[in-house]
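Have a look at the structure below, then the notes.
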Amino acid sequence: MKIGIADTTFARVDMFKEVEPLLKKARIERYTVPGIKDLPVACKILFEKHKCDLVMALGMPGGMPIDKQCAHEASLGMQFVQILAGKHILEVFVHLDEGTPAEVVKIAKNRARKHALNALALLNGKETLSPFAGKGRRQGKDDAGSLE
Amino acid sequence: MKIGIADTTFARVDMFKEVEPLLKKARIERYTVPGIKDLPVACKILFEKHKCDLVMALGMPGGMPIDKQCAHEASLGMQFVQILAGKHILEVFVHLDEGTPAEVVKIAKNRARKHALNALALLNGKETLSPFAGKGRRQGKDDAGSLE
Amino acid sequence: MKIGIADTTFARVDMFKEVEPLLKKARIERYTVPGIKDLPVACKILFEKHKCDLVMALGMPGGMPIDKQCAHEASLGMQFVQILAGKHILEVFVHLDEGTPAEVVKIAKNRARKHALNALALLNGKETLSPFAGKGRRQGKDDAGSLE
Amino acid sequence: MKIGIADTTFARVDMFKEVEPLLKKARIERYTVPGIKDLPVACKILFEKHKCDLVMALGMPGGMPIDKQCAHEASLGMQFVQILAGKHILEVFVHLDEGTPAEVVKIAKNRARKHALNALALLNGKETLSPFAGKGRRQGKDDAGSLE
Amino acid sequence: MKIGIADTTFARVDMFKEVEPLLKKARIERYTVPGIKDLPVACKILFEKHKCDLVMALGMPGGMPIDKQCAHEASLGMQFVQILAGKHILEVFVHLDEGTPAEVVKIAKNRARKHALNALALLNGKETLSPFAGKGRRQGKDDAGSLE
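Residue numbers (this note's numbering), protein chains in the order written: chain A, 5 to 152; chain B, 5 to 152; chain C, 5 to 152; chain D, 5 to 152; chain E, 5 to 152.
In structure tokens form, the structure reads like this:
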């Protein structure tokens, strides 16, 4: 089991160091790029050249309108890469306007860790998460829970 | 006849349990992922690896602008998957801002059930729904009806 | 000459019955789906499985912002299908907020009929419409005319 | 050298007649479609069936928000066609809200003519325009010039 | 090692001359096009015909809403090209509304130079930038730094 982790120099929190200790069972390939728009092709390379079974894409878009547009472009690129590869990219994006700097650090660490566990669950089989379907799980904050 | 059902842990209503009893005629493959942006590749895998003839994608986007953007990215991904596969994905998305929590639960159940019937109709042949064309059918609420 | 017609149960006007009588020269394949986001893959199937030379996609998006987003996703899907097939899809979309209910009915019928004639012209050759280039033709309302 | 010219009956200025006299060196293939969303597949056909080396796409989007969305869809379709073909489409779009009717006519003619010259330059080699890089050239209006 | 540089005549600063001296170790292929929407296919040609290992795309979108839309279309096109090629395009876009003319010149030069160094780092291996992951690096302005 091989998990790729793509991250950026633009981000202001090193999420890789949150994720790595949780993925001891897997082999890890890391790929660091300048910004989020460089992530899709990095994921593609992690799938094709480095034979990863799943990739986590760690990014931190800015808070301006142009940053939202960049995040949108990066996300669409990652949709395209996933679909061509038939493999999951877990997008771990933390927007710099999600809270105060201290809150953003906390959100980033929480979201990265919870998605590391999601990565392991997805690689374990397609119904591993089914007991939690519709349960309002959240990454980066507390679960919202079921409405029923 | 094999129908895939992809759903999420982010959703706050378990729509799978509404859908399953209506699809007794078909074999079902379930795939649960964290959020709506993970649905397109899950649908792809349901088509390719699990040989589904049609997939229902059950998701519940949040009510913030960033959630609308995520829903848009997920929808475009699912367009791409459908087109490459030449098979239908019925997108059953319920937005968390469509009403009060109680209304959202009701909308979700209604929309999921009606689309389960649409799934069976589509698999029955391309003109099965033709008698209802232009009749203003709705899922999740009452039909709007024809304007003529 | 084979023309596909894809339409929806969501629409509130049956545009198929406007179009069919104008296409007597062609063989017609109809495909009815629930909503506009189901049209692109229906068009794909009409091209690939049913060997249509051109498809008309008849749809009627709602008037809310989320409906505009759905129309956008459907349109992009249809761009993708056309380009992969190398064949035209004439998108006949009538937005439910284009006028009063009575006006919407009138617009829908007019737009559907005029695009049926466009379909025949396109199948007749790539310069069939050239005498009208730049003439401000409109479907669903009166022509705007040339500015020169 | 073969240049395709795709244009529309929706446009209110016949830009083809501005462009043609400037392209005497090339063979021209014309393709007229109803509106801008029909241009991408016309360009595709001009590349594949008619073996064009470059296509000019002449269109005139309306001034309403829905028209901006259509222009966006057409542009994305043309990105996709260009990339698959590995050949340029020069998009010559004039928005009907760029000025008064008289100004729009003038802009359209100027933009069409300048892009005809760009077409010839691009076909002449990839560094033909390099002496003008960063010089603030504009089509449809006066050049903006360099900021340095 | 071969680096492509695609630039435009629309831009108002010649960023090529900032970049070239920093890339002495590599062979350079230049491709100049009219505007940013012509960049994606130029990048495609630089990858396929000219065998570049990475491309820098230098562009300068205008400050109007329509220009933001063009930049978005260009960016999506470049996502698509990168993914198909499995190679990086570093997008060096400077928006004309990022500051006064003098500031825009300064931003453009700084961003172009820093991304030239990023290009060399990426070609040096996928973990070359890893020591800087999460460090809040910026191009065109001062680094934002880590939040931790």
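Built from N, CA and C at the ideal position, the CB exists for glycine as well.
*Among 28/D, 39/D, 71/D, nearest to residue 118/C - alpha-carbon criterion*: 39/D
*Are the Cβ atoms of residue 43/D and residue 66/D separated by less than 8 Å?*
no
*To the nearest whole angstrom, what separates the beta carbons of residue 108/A and residue 98/A, a pair I think is in contact under 8 Å?*
6 Å
*What does residue 49/D touch in chain C if you count any residue whose Cβ is under 7 Å from its own?*
90
*Just the chain A side, please: which residues come within less than 8 Å of residue 141/E by C-beta, in chain order?*
13, 14, 38
*As assigned by DSSP and simplified to three states, the class of residue 29/C*: coil
*State the Cα-Cα distance for the pair residue 52/E and residue 7/E, rounded to the nearest angstrom.*
12 Å
_Reduced DSSP category for residue 202/A - H, G, I as helix; E, B as strand; rest coil_ = Residue 202/A falls outside the range modelled here, since chain A spans only 5 to 152, and no answer is possible.
*Burial state of residue 104/B (16 or more Cβ within 10 Å)*: exposed
*List, in order along the chain, the chain D residues whose C-beta lies closer than 7 Å to that of residue 114/C?*
By Cβ distance, chain D contributes nothing, its closest Cβ being about 14 Å from residue 114/C, past 7 Å.
*What's the C-alpha gap between residue 106/D and residue 64/E?*
29 Å
*Can you tell which of 148/E, 72/E, 81/E has its C-alpha closest to the C-alpha of residue 41/A?*
81/E
_Do residue 115/D and residue 149/D have their beta-carbon atoms positioned less than 8 Å apart in this structure?_
no
*Assign residue 17/A to one of three DSSP states: helix, strand, or coil.*
coil
*asked:* For residue 22/D, which residues in the same chain have their Cβ closer than 7 Å to its Cβ, ignoring the five residues on either side in sequence?
replied: 113, 116, 117
*Exposed or buried, which one is residue 140/A when buried takes at least 16 other CB atoms within 10 Å?*
buried
*Could you work out which residues of chain C lie near residue 152/B, taking near to mean beta carbons separated by less than 9 Å?*
16, 17, 18, 109
*Anything in chain B within Cβ reach of residue 44/C, meaning under 9 Å, just list it in chain order.*
83, 86, 87
*Nearest candidate by alpha-carbon position, reference residue 153/C, set 62/C, 110/C, 19/C*: Residue 153/C cannot be examined here, being either before or after the span of chain C that is shown, 5 to 152.
_Enclosing alpha helix (DSSP H) for residue 87/E [first to last residue]_ = 69-89
*Can you tell me whether residue 5/A is buried or exposed, with buried defined as 16 or more other CB within 10 angstroms of its CB?*
exposed
*Just mark residue 138/B as buried or exposed, buried being the case when its beta carbon has 16 or more other beta carbons within 10 Å.*
buried
*Ends of the beta strand (DSSP E) at residue 45/E?*
Premise fails: residue 45/E lies in the alpha helix (DSSP H), 43-52, not in any beta strand (DSSP E).
*asked:* Just to confirm before moving on: does the CB-CB distance between residue 48/E and residue 90/D stay below 8 Å?
replied: yes
*Determine the burial state of residue 31/B: buried for a count of at least 16 other Cβ atoms within 10 Å of its Cβ, exposed for fewer.*
exposed
*Does DSSP put residue 100/E in a helix, a strand or coil?*
coil
*Check the Cβ-Cβ distances between residue 65/A and every residue of chain E, and say whether any is below 8 Å.*
no
_Cβ-Cβ separation, residue 27/A to residue 125/A (assumed contact under 8 Å), whole Å_ = Between residue 27/A and residue 125/A the Cβ distance is about 12 Å, and since that is not below 8 Å, they are no contact.
*In whole angstroms, what is the alpha-carbon distance linking residue 10/A and residue 86/A?*
14 Å
*My guess is that residue 17/D and residue 151/C are in contact by the Cβ rule of under 8 Å, so how many angstroms apart are they, rounded?*
6 Å
*On the premise that residue 123/E lies in contact with residue 60/E, defined as a C-beta separation below 8 Å, what is that separation, rounded to the nearest angstrom?*
6 Å
_Under the three-state DSSP convention, the category residue 10/A falls into_ = strand
*asked:* Looking at the secondary structure, which residues open and close the alpha helix (DSSP H) in which residue 107/D lies?
replied: 105-128
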